[in-house]
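Residue numbers are given in the UniProt record's numbering: position 92 of the sequence shown equals residue 92, and the series is strictly consecutive. Just so it is clear, CB atoms sit at the ideal spot from N, CA and C, and this is done for glycine as well. Bear in mind the structure is a predicted one, so any value in this text is a computation, not a measurement. For reference, the structure is listed below as structure tokens.
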Amino acid sequence: MPAIAANNREPMRPFPLPEVYQLLEPGPVVLLTTAHQGRSNVMTMSWHMMVEFTPPLLACIVSSADFSFTALRATRECVIAVPALDLAPKVVEIGNCSGRDIDKFAAIGLTQLPAALVAPPLVAECFANLECRVDETRLVNKYNLFILEIVAAWSNPAQNDPQTIHHRGYGRFVVDGETIVLPSRMP
Ligand SMILES: Cc1cc2nc3c(=O)[nH]c(=O)nc-3n(C[C@H](O)[C@H](O)[C@H](O)COP(=O)(O)O)c2cc1C
């Protein structure tokens, strides 16, 4: 076995720890809607991951600094709406202002549709909408991490080949590209 020089990591360079998320963030960037005290609100979110197939469970980070956090913790309901590329400018706007200060649906121009099982609205312009109830809050105090159960799901067949957007930090996004299909036993 060739010897490994103790300090030779060529071609690697140190990568700043606060920027690691830019390498790993899976996306797609989504919108999260809430309804609380007679008002609906929407925020942008990219820190999320599936954690179970059936029932479908989703882990996500909603910062305690967000207005949405209070609504989600109090009502235990939200909708995850998945936008395609055409909504990218609005998605960034939504993520850079707070429902504390403005009615984002009116100000940014998104259409609310009634959900079937939860109070927060679907977003008509998004190609998919997932109605969610909070399933688990044990990691909320430590990590702002909510586990959501998806209890109803909707998709718009008119948006038949949506390109999702994936966050790379500071307003940079990768746009979903070519699909390849390889043999796989896993779903
Ligand atoms: C691309 C993008 C991704 C974001 N991802 C998250 C996230 O995963 N979790 C989070 O708490 N905030 C995230 N944010 C920030 C919130 O969307 C932002 O704080 C928003 O203003 C919260 O709105 P609210 O105060 O109305 O709830 C993201 C913002 C952008 C632009």
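Whether residue i touches residue j by CB criterion (8 Å)
i, j, result
"residue 119", "residue 35", "yes"
"residue 111", "residue 128", "no"
"residue 105", "residue 30", "no"
"residue 13", "residue 67", "no"
"residue 92", "residue 171", "yes"
"residue 76", "residue 134", "yes"
"residue 146", "residue 72", "yes"
"residue 150", "residue 26", "no"
"residue 33", "residue 121", "yes"
"residue 209", "residue 94", "Missing from the structure shown is residue 209; the chain here goes from 1 to 187 and no further."
"residue 130", "residue 180", "no"
"residue 214", "residue 10", "Residue 214 lies beyond the range of the chain shown here (1 to 187); nothing can be said about it."
"residue 7", "residue 69", "no"
Nearest to residue i (by Cα), restricted to the options the options
i, options, result
"residue 78", "104, 49, 132 and 152", "132"
"residue 87", "97, 109, 101 and 66", "109"
"residue 85", "166, 181, 149 and 3", "166"
"residue 162", "103, 37, 177 and 56", "177"
"residue 152", "140, 141 and 116", "116"
"residue 140", "181, 186 and 74", "74"
"residue 191", "10, 28, 137 and 64", "For the chain, the structure presents residues 1 to 187; residue 191 sits outside this window and is missing."
"residue 186", "53, 81, 130 and 143", "53"
"residue 142", "62, 8 and 173", "62"
"residue 159", "24, 148, 5 and 126", "126"
"residue 136", "24, 51, 17 and 23", "51"
"residue 22", "47, 107 and 154", "47"
"residue 49", "65, 154, 113 and 24", "24"
"residue 64", "98, 184, 114 and 173", "98"
"residue 270", "37, 3 and 83", "Absent from the structure is residue 270, since the part of the chain shown begins at 1 and ends at 187."
Paired residues, beta bridge with residue i - DSSP
i, result
"residue 128", "82 and 155"
"residue 113", "122"
"residue 65", "None, per the DSSP bridge assignment."
"residue 13", "In DSSP, residue 13 forms no bridge with anything."
"residue 35", "40"
"residue 165", "175"
"residue 60", "48 and 146"
"residue 136", "147"
"residue 77", "133"
"residue 30", "45"
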